[in-house]
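Numbering (my numbering), first residue to last: 606 to 757.
Don't be surprised by glycine CBs; every beta carbon is placed ideally from N, CA and C.
Heads up, the thing below is written out as C-alpha cells.
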C-alpha cells in the first residue's frame, strides 16, 4: 500500500473528528466522496485505523482523579510478568499500562473519582495482584496537555 500525503491529511481530519461525513472530508481533500470512502476502507483494512471511539469528559462522569502508578515486580520471571499483565488488563480503573525500563517495571494510568476511591482501588484490587514488590503513585495536579491525535 502507498501511504501518501492525502492519506496523512485524511487521518488528521479523522483524528480531529471521526464523525465527519465523507462529503465533508471530500470537500476538505478535494476528492470525490467515493475516493474518500475507498481511502478510509483501505486505511482500515491495512491497520492504519484500529477503531473509532468517543472521548468522554471525565469530569462529567466523576472520574477526574488521575494517578500515575509505578509498579515494581518482585521478580522478572516470565510467569510473573504474564500473570501481572493479564490481571492488570482486567482492572477497569486502569486506562493504560506500559512495561517500561528504569527503576520500575510498569507505569499505570489510573482514573478514579477521588483519593478515597484510589485508596480502595489500591487496597482491594491492585495490591491483591501477586508478585508486586512495590508501588509509587503520583497524583495529577493539572492536566497541561492531553491529546489522542498522532501528528505526521
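Item, Value
"When you compare only the Cα positions, how much space is there between residue 742 and residue 654?", "33 angstroms"
"Do residue 731 and residue 716 count as a contact pair if the criterion is CB distance below 8 angstroms?", "no"
"As an exercise, report each continuous alpha helix (DSSP H) stretch of at least 4 residues that is fully enclosed by the stretch 607 to 685, in chain order.", "610 to 621, 627 to 634 and 638 to 650"
"Under 8 angstroms: do the stretch 656 to 676 and the stretch 742 to 752 share three or more Cβ pairs, one atom per stretch?", "yes"
"Of the residues 611, 719, 690 and 662, which one's Cα is nearest the Cα of residue 751?", "662"
"In or out: residue 710 buried (at least 16 other Cβ within 10 Å) or exposed?", "buried"
"State the DSSP-derived secondary structure class of residue 701, mapped to helix, strand or coil.", "strand"
"Considering only the beta carbon of each residue, do residue 633 and residue 657 sit closer than 8 angstroms?", "no"
"Across which residues does DSSP place residue 737 in a beta bridge pair?", "678"
"Taking all protein chains shown into account, decide if residue 698 is buried (16 or more other Cβ within 10 angstroms of its Cβ) or exposed.", "buried"
"By DSSP, does residue 730 sit in helix, in strand, or in coil?", "coil"
"According to DSSP, is residue 714 part of a helix, a strand, or is it coil?", "strand"
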